[in-house]
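Chemist:
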Amino acid sequence: MATLKGVLAPFRETTGFARWMLLIGLIIVAFFTVLAIGADWIAPYGFAQQSADGVDFPKAAPPGDGHLMGTDRLFFDVWSRVIYGARTALEVIILSVAGALSLGLVLGLVSGYVGGWLDRILVLVMDAMYAFPPLLLAIVFGFLLAERIGAGVISAALALTVVYMPQYFRVVRSSTISAREATYVEAAKALGAPRRTVIGRYVFGNVVHSVPVIGTLNAADALGTLAALGFLGLGIQPTDGAEWGFDLSRALEDVTSGIWWTGLFPGLAIVLLITGLTLVGEGLNETINPVLRKRRLRKITVEETQK
Amino acid sequence: MAAQSGSLPRYIVQRLLLIIPMVWLLLTLVFLLMRVAPGDPVTASVGGRLPPEAIEARQEALGLNDPLIQQYWDYLSGVLTGDLGKTITDNTPITDIIKENGGATLTLTVAAMLFALVIGLPLGLLAGRYRDTAADGTIRIFGIVTYAAPIFFTGILLQLLFLNVFSGWPLLGQSTPITEFTVETRTHILLLDAMLAGNSEAVVDVLKHLMLPAITLGLLICGIFIRLTRVNLLQTLQSDYVEAARARGIPERKVVRSHAFRNALVPVVTIIGLLIALLMSGAVLTEKTFAWPGLGNQLITYIEQRDYAAVQGIVTLFAIVVVVISILIDIVNALIDPRVRY
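Here is the structure:
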């Protein structure tokens, strides 16, 4: 209980905007998580369903009767596709962030701690990847992976993993280097702790705190890139799952005919979820980062000070 | 660690020399990526449309039958001599595509950057100056939402808006066909050509076409500027020299204006270097959304046609541009802020 209080302490000390950002962000993310998990129960129809009870859906019908958000030109129900899109989005985000994080963390720790030529080579390669426009890298990887193992959640997640890994690598490596020189690490070494313990326990413990903020901001970014891949026709195939970016690419052709519902709803879903993730990230940043943190003044009783 | 590097000329030379390994690395990355692709690129793109002998000839011409190391060497030396190869599908030199479509991309990115600077910097400073007020909240939400909105969604919304409110406003392309025909091609930058020709109608036409794509791409960058300037101003306002200025009794308004603003804007120059990559990615999507005849649009077309040679050529150019510009920005940054050099 006491430890839980300690973990939550920074949150209780937040004020105003940071607290609201974190709260609203968490609510939005929770909302989409519920949609993603419960898609089978919440969605009225399947994501690639064109008829129900033997009756074909209308083509490009505006929102209304039986179709909350209308239907698109392929007779799909837009609302159902928005819901199933949440599932695809979360699957890809979780896989890619977890992949990028673990790869970047391990490589960054080793590179920063061991140093030498291994470090130089890794830094060079990661810098080259980091300098590359992320979307272009994702396009190239998405394209190649789609040809190899087929377009789908796994190949999209792999492409995004490769794209975002260098960011974790850089952050982890630079904090590892500063932690390596710290007195407590030197002390651990002097006590004869094996290298694995030093890296695994002492360095890791002091590097990992910067990860949640990058992680959530990264998740927001990854969602945007996933949608972009879908928009360019390189993401998830429409028969494998509903993907918001892909739906928007088809909606682009609808604009001049005045059909707005096929684009508006999947687009809003993307904006909302990215905003939610960004709010969580920024909120966390202002809660954790001492430079930006503004602590709330709390009333303290005389007894408390004397404890 | 880098105690010996302190002087400005040395820093500039170091940075300029860094271009070589960075470009080499990116080129190698591009080459490896494009070559690990399975199957034969020629068959993938034009198979079935050409007789087998013609495909054979294309493969030979592209050097696909050579050993990998030979292909790698040819590719690198080609790039060095300004030869990016030819497309598989229509056998056009990539450099011609760049010449023809590069101008449109340049126009779009520069216009977007200007829009973002003009809108983003003042808003960011305003939000930082009046921290935790309603204005701050609104501006921050605006920044977060514009950054969160995918480019193509912003584009679709703007198109829908203009379709309904200003009907007749051009939604797609870089100009009307009339403009394209009447303006003589000189620089391959349509806006510039129209100005050189003194054709005011054409200039207005191009600007009208440019507005929506530039706003769309600009809004993405704008959110980043808002965030950055706001946080910078907050940190600057907490620094000792600002505190000292306050202690001397200088009115808060003046402290903010003449002491804090300028230093809060320095990191903006740094971030512009990092934004080049984002701007390039964004340009690809914007061009696709608005049928803007730039390099990004060409890239997508060639990806759809599975034209590896064209994709490789265009991606190579993007990579080189990104590296060169970010390193140049590093140098500019060192000129402005002496701390960077150390």
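Same order as they appear, the protein sequences are chains A and B. Residue numbers are given in the numbering used here: position 278 of the first sequence equals residue 278, and the series is strictly consecutive. For the numbering used here, count along the second sequence from 1 and bump the result up by 1000. Each residue gets a CB set at the ideal place from its N, CA and C atoms; glycine is no exception.
Nearest by alpha-carbon distance to Ala179(A): which of Ser102(A), Gly230(A), Tyr84(A) and Gly108(A) is it?
Modeler: If we check each option's Cα against that of Ala179(A), Gly108(A) comes out closest.
Chemist: Is Met1280(B) close to chain A, meaning its C-beta is less than 8 Å from at least one C-beta of that chain?
Modeler: Yes - at least one Cβ of chain A is within 8 Å of the one on Met1280(B).
Chemist: Quick check on Phe76(A): buried or exposed, where buried means 16 or more other Cβ atoms within 10 Å of its Cβ?
Modeler: Looking at its Cβ environment, which holds 16 or more other Cβ atoms inside 10 Å, Phe76(A) is buried.
Chemist: Where do the N-terminal and C-terminal ends of the alpha helix (DSSP H) with Tyr1308(B) fall, by residue?
Modeler: Start and end: Tyr1308 to Ile1336.
Chemist: Assign Ser1005(B) to buried or exposed, taking buried as 16 or more other Cβ atoms, counted over all protein chains shown, within 10 Å of its Cβ.
Modeler: Unreliable placement is indicated for Ser1005(B), whose pLDDT of 49 sits below 50; no coordinate value is reported for it.
Chemist: Please identify the residue among Glu1201(B), Ile1178(B), Val1206(B) and Gly1198(B) whose C-alpha is closest to the C-alpha of Leu1190(B).
Modeler: For the residues Glu1201(B), Ile1178(B), Val1206(B) and Gly1198(B), the minimum Cα distance to Leu1190(B) belongs to Val1206(B).
Chemist: Using a Cβ-Cβ distance cut-off of 8 Å, determine whether Ala260(A) contacts chain B.
Modeler: With the sequence shown as reference, residue 260(A) is identified as Trp, and Ala is not the correct amino acid for it. At least one chain B Cβ lies under 8 Å of Trp260(A).
Chemist: With a threshold of 7 Å on Cβ separation, who are the neighbours of Leu35(A) within its own chain once the five nearest residues in sequence on each side are excluded?
Modeler: Counting only Cβ-Cβ distances below 7 Å, and skipping sequence neighbours, we find Ile42, Ile83 and Ala86.
Chemist: Return the chain-ordered list of same chain residues with a C-beta closer than 8 Å to the C-beta of Thr1185(B), the five sequence neighbours on each side being excluded.
Modeler: For Thr1185(B), where only same-chain residues beyond five positions count, the Cβ hits under 8 Å are Asp1193.
Chemist: Taking a contact to mean a Cβ-Cβ separation below 8 Å, would you say Leu81(A) touches Asp247(A) in this structure?
Modeler: The question names Leu, yet the displayed sequence has Arg at residue 81(A). Yes, the Cβ-Cβ distance between Arg81(A) and Asp247(A) is below 8 Å.
Chemist: Between which two residues does the alpha helix (DSSP H) containing Pro1009(B) stretch?
Modeler: Looking at the DSSP string, the run of the alpha helix (DSSP H) that includes Pro1009(B) is Leu1008 to Arg1035.
Chemist: Strictly by DSSP, which residues pair up with Ser1239(B)?
Modeler: DSSP lists no partner for Ser1239(B).
Chemist: Mind listing, in chain order, the continuous alpha helix (DSSP H) runs of no fewer than 4 residues lying wholly within the stretch 44–126 of chain A?
Modeler: Those alpha helix (DSSP H) runs which fall completely within the stretch 44–126 of chain A and span 4+ residues are 78–114.
Chemist: So, Arg1230(B) versus Gly1124(B), is the Cβ gap smaller than 8 Å?
Modeler: Yes, these two residues count as a Cβ contact at 8 Å.
Chemist: My guess is that Ala1148(B) and Val271(A) are in contact by the Cβ rule of under 8 Å, so how many angstroms apart are they, rounded?
Modeler: Contact flag correct, Cβ pair sits at about 5 Å.
Chemist: Let me know the alpha helix (DSSP H) ranges lying completely inside the stretch 1179–1206 of chain B, each 4 residues or longer, listed in chain order.
Modeler: Qualifying alpha helix (DSSP H) stretches, in chain order: 1190–1196.
Chemist: Closest to Asn218(A) by CA distance: which of Glu253(A), Ala242(A), Gly64(A) and Leu279(A) is it?
Modeler: The candidate whose alpha carbon is nearest that of Asn218(A) is Leu279(A).
Chemist: Under 8 Å, Cβ to Cβ, is there at least one residue of chain B near Ile270(A)?
Modeler: Yes, Ile270(A) lies at the interface with chain B (some Cβ there is under 8 Å from its Cβ).
Chemist: Could you pull the DSSP bridge partners for Pro1177(B) from this structure?
Modeler: Answer by DSSP bridge pairing: none, since Pro1177(B) is not bridged.
Chemist: Distance, Cα to Cα, Tyr1011(B) vs Ile1141(B)?
Modeler: Rounded to whole angstroms, Tyr1011(B) to Ile1141(B) spans 39 Å at the Cα level.
Chemist: Quick one: does the C-beta of Thr1105(B) sit closer than 7 Å to a heavy atom of the ligand FMN?
Modeler: The ligand content of the structure shown is nil, which means the ligand FMN is not present either.
Chemist: Evaluate Ala2(A) with the Cβ neighbour count: other Cβ atoms within 10 Å of its Cβ, from every protein chain shown; 16 or more gives buried, anything less gives exposed.
Modeler: Confidence at Ala2(A) is low in this model, with a pLDDT of 49, below 50, so the placement of that residue should be treated as unreliable; the coordinate-derived value is given next. Exposed is the call here.
Chemist: Does any residue of chain A have a CB that is nearer than 8 Å to the CB of Lys1208(B)?
Modeler: Closer than 8 Å: no.
Chemist: Would you identify the three-state DSSP class for Ala1002(B), choosing helix, strand or coil?
Modeler: Confidence at Ala1002(B) is low in this model, with a pLDDT of 44, below 50, so its placement is unreliable and the value that follows should be read with caution. Three-state DSSP puts Ala1002(B) in coil, outside helix and strand.
Chemist: By how many angstroms is the C-alpha of Gly192(A) removed from the C-alpha of Tyr113(A)?
Modeler: Going by the C-alpha atoms only, they are around 17 Å apart.
Chemist: Does Thr1286(B) pass the burial test, meaning 16 or more other C-beta atoms within 10 Å, or should it be called exposed?
Modeler: With 16 or more Cβ atoms within 10 Å of its Cβ, Thr1286(B) is classed as buried.
Chemist: With a cut-off of 8 Å on the beta carbons, I'd call Leu1062(B) and Ala1310(B) a contact; round off their distance for me.
Modeler: No, Leu1062(B) and Ala1310(B) are not in contact; Cβ-Cβ is about 11 Å, not under 8 Å.
Chemist: Note down the Cα distance separating Phe231(A) from Thr88(A), rounded to an integer number of angstroms.
Modeler: Approximately 14 Å, taken between the alpha carbons.
Chemist: Mind listing which residues of the stretch 216–246 of chain A have their C-beta closer than 8 Å to chain B's C-betas, in chain order?
Modeler: Correct list: Ala220, Gly224, Ala227, Ala228, Phe231, Leu232, Gly233, Leu234 and Gly245.
Chemist: Using three-state DSSP, classify Pro1093(B) as helix, strand or coil.
Modeler: Residue state, collapsed to three classes: strand.
Chemist: If you follow the alpha helix (DSSP H) that Thr1081(B) is part of, which residue opens it and which one closes it?
Modeler: Segment: none, Thr1081(B) is in no alpha helix (DSSP H) and carries neither H nor E.
Chemist: Identify the contact partners of Ile1329(B) in chain A, using a Cβ-Cβ distance below 8 Å as the criterion.
Modeler: Those do not exist, as Ile1329(B) stays about 12 Å from chain A at its closest Cβ, beyond 8 Å.
Chemist: Just list the residues that DSSP pairs Lys1086(B) with in beta bridges.
Modeler: Paired residue(s): Pro1093(B).
Chemist: Comparing the C-beta of Thr1289(B) with each C-beta of chain A, is any distance below 8 Å?
Modeler: At least one chain A Cβ lies under 8 Å of Thr1289(B).
Chemist: Check this for me: beta carbons of Gly1120(B) and Leu1217(B), under 8 Å apart or not?
Modeler: No. Outside cutoff.
Chemist: If you run the structure through DSSP and keep just helix, strand and coil, what is Ser175(A)?
Modeler: DSSP places Ser175(A) in helix when its eight states are reduced to three.
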